[in-house]
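Following: one structure in structure tokens, then a few remarks.
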Amino acid sequence: MSSLHSKVVFALFQTINASSVYIIASFVFIIASFIYKNKACNYSLERRNRKLSNRKKEV
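Each step along the sequence shown adds one to the number in the UniProt record's numbering, with nothing skipped, and position 8 is 8.
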């Protein structure tokens with residue numbers, strides 16, 4: 001009986017561990033996508049800034 005209980009606990013631990021790894025990988029993907037979006041936004045703002053700063057101001 002003890003052997004069966006330890007196998008169940010070990011299987012449960014493996015399941016919890018696998019789901020934790022999956023959740024962590026999901027968050028890594030989400031963070032990477034936010035980093036990509038931030039870089040794209042910064043690039044867009046830099047282009048817009050360069051475009052606006054080259055215009056001549058009328059007085």
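Using N, Cα and C, we set each Cβ at its ideal position, and we do this for glycine too.
Between the CA atoms of residue j and residue i - distance to the nearest angstrom
{"i": "methionine 1", "j": "phenylalanine 29", "result": "Here methionine 1 scores only 47 on pLDDT, less than 50, and its place in the model should not be relied on; the value that follows carries that caveat. About 42 Å."}
{"i": "phenylalanine 18", "j": "alanine 32", "result": "It is worth fixing the name first, because residue 18 is alanine in this sequence and not phenylalanine. When rounded, the distance between both Cα atoms is 21 Å."}
{"i": "isoleucine 24", "j": "alanine 40", "result": "24 Å"}
{"i": "isoleucine 16", "j": "phenylalanine 27", "result": "16 Å"}
{"i": "leucine 12", "j": "lysine 51", "result": "58 Å"}
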